[in-house]
Amino acid sequence: MHQSPWWAFMGVIPLIFVMVGVAGIIVVWKARPADAGDVAVSEAGVTKPSAARAGGCFLVLFFSVFFLVGLALSWFLLIKPIQAYRAAKAWVETPCVVESSAVRRHRDSDGDVTWSVDILYRYEFGGRVYRSSRYTFLDASTSNRSGMEAIVRRYPGGKATVCYVNPNNPSEAVLVREWTGAMWLGLLPLIFVAVGAGGVLWGIRRLRGGAAPVTAGAAVSGAPAPPAVVGQPAAGTAAGEGDEVEPGELKPASGPVKSFVVMLLVAGFWNGLVSVFVFQAVQEWARGRRPWMLTLFLVPFVLVGLGLIGGVFYTFLKLFNPRVHLRVSNVRPRLGETVRIRWRLVGRAGRVRRLRLALEGVEEATYRRGTQSYTDRETFFEQTLVEATAPAEIREGEASLTLPRDLVPSLDTGNNKILWNLKVQGDIPRWPDIDLAFPITVRPLPVAAVEENPS
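If you're matching positions, the sequence shown starts at 12 in this note's numbering and goes up one per residue.
Right, dumping it as structure tokens:
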């Protein structure tokens with residue numbers, strides 16, 4: 012019985028998604044927040060990055076398999092048919108006669124029925140007679156029985172037609188050498204290649220992020236400082252030390268590219284999984300059955316998938332938003348200090364009608380209820396610094412911020428965090444708005460200042 016490679020591909024899909032689901036559970040379990048007593052900090056106050064490195068290694072290894080499976084499927088279902096299609100341009104058009112033609116029925120182990128064409132034709136090349144049953148470069152069996160019957164009617168037994176013969180190997184011939192619609196399905200494995208490549212890059216980024224230990228005095232690039240208490244110097248820093256000014260450019264916690272890639276991966280995973288069951292439902296309807304229960308059950312999952320597809324387009328459009336560059340006079344200011352903030356929009360800044368810059372304080376608390384971990388996030392402080400509507404001021408400007416002395420500095424104990432962000436929001440009519448958070452570490456008052464102003 013002839014079996015199309017597409018059914019092998021469809022059989023691989025559920026297994027891949029099971030692997031992704033299991034891997035996701037493992038990653039979430041491995042990355043669950045540690046208990047207060049489990050925070051790994053050395054005597055010098057250096058956080059151990061072993062967990063991040065382990066998670067990164069796992070992601071690289073897992074998605075490498077995903078990537079290689081996609082490449083293998085792409086080779087057999089896309090690259091080889093394309094190579095044959097291009098090579099056939101030089102094949103010799105040769106008269107042939109159809110000896111027999113029929114629609115062949117296939118049934119898999121689950122009882123699903125598919126159909127393919129079985130056309131045997133005879134041709135003469137170089138004084139010898141050959142026979143071939145190759146119809147196109149990607150002979151696939153499908154559930155479209157009527158389409159297969161239409162092809163057979165075009166090539167009845169005894170019909171004189173033409174085929175295309177490989178002059179270097181006359182036993183190799185094809186009846187239709189044009190690009191067919193079924194060959195476009197060979198693009199599907201590229202989704203797995205893209206997901207695998209994205210996952211590998213994500214894992215490498217985690218490896219790099221966890222490779223360098225984070226100290227309490229490290230400059231911020233998206234992560235808050237380790238535990239600090241008002242009135243005490245940062246860990247490993249003596250009183251009066253570490254107050255040098257460090258100007259620099261802040262990086263957003265999550266840029267448009269990251270948001271798009273994450274949304275694309277989530278939408279691809281969800282819709283890929285749901286499509287397996289949708290395909291099954293479509294087959295049932297095509298056979299004349301009425302799987303109402305399965306169809307109604309799938310409706311909410313399909314709607315969620317459509318929403319995720321909408322999210323992909325939304326985040327894709329955000330890729331074309333103006334880029335925001337935020338530079339500060341000190342990337343690690345202390346309470347009571349004045350910070351100069353300079354912003355600049357690169358790109359089509361004229362589309363932005365209103366720009367808002369604000370300081371935001373967020374408290375995160377992670378706790379467990381049974382075996383589940385939950386994280387509550389609450390904004391406890393927000394101060395608007397700039398409200399710009401003039402085009403010149405939106406494109407580029409400068410502001411100052413004096414951090415109140417009675418605020419809580421940045422804090423990270425594993426389960427509890429105090430995060431400080433400079434929020435940039437831009438209103439763009441009829442387009443996704445700019446909404447970025449630039450993390451900044453706020454250090455506590457120096458010991459000398461606390462002693463001079465006891466509370």
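Just so it is clear, CB atoms sit at the ideal spot from N, CA and C, and this is done for glycine as well.
Note that the C-beta distance between I429 and V363 is not below 8 Å. DSSP places A95 inside the alpha helix (DSSP H), whose first and last residues are 91-98. Taking C-alpha positions only, P258 is separated from D423 by approximately 23 Å. Bridge partners of K428 according to DSSP: E375, D423.
At a Cβ-Cβ threshold of 8 Å, R388 and V373 count as neighbours. Scanning its chain for C-beta atoms nearer than 6 Å, with the 5 sequence neighbours on each side dropped, one finds around A448 the residues A264, N432, K434, in chain order.
Under the three-state reduction of DSSP output, E409 falls in the strand class. Secondary structure at K269: helix, using DSSP grouped into helix, strand and coil.
Approximately 32 Å separates the beta-carbon atoms of R416 and L356; this is outside 8 Å, ruling out the contact.
When the Cα atoms are used, Y378 and T400 turn out to be separated by approximately 42 Å. Cβ-Cβ distances below 6 Å link L275 to V323 in the same chain, with the five nearest sequence neighbours on each side left out; the list follows chain order. Between the alpha carbons of E295 and V289 lies a gap of roughly 10 Å. When the Cα atoms are used, H117 and R133 turn out to be separated by approximately 25 Å. For S143, the CB contacts under 6 Å within the same chain, skipping 5 residues up- and downstream, are A184 in chain order.
In this structure, V453 keeps its C-beta atom at 8 Å or more from the C-beta atom of L412. The beta carbon of V272 is closer than 7 Å to those of G209 in its chain, skipping five residues each way along the sequence. In the three-state scheme derived from DSSP, where H, G and I count as helix and E and B as strand, G347 is classed as coil. Around the C-beta of L330, fewer than 16 other C-beta atoms lie within 10 Å, and the residue is accordingly described as exposed. For the pair V187 and T153, the CB atoms are not nearer than the 8 Å cut-off. Sequence-distant Cβ neighbours of A292 in its own chain, meaning closer than 8 Å and more than five residues away, are P302, L305, T306, L309.
In the DSSP assignment, I451 falls outside any alpha helix (DSSP H), carrying neither H nor E. As DSSP reads the structure, G318 sits in no beta bridge. Among the bridge pairs identified by DSSP, V124 is matched with R118. With respect to the 8 Å criterion, L337 and A369 are not classified as neighbours on the basis of their beta carbons.
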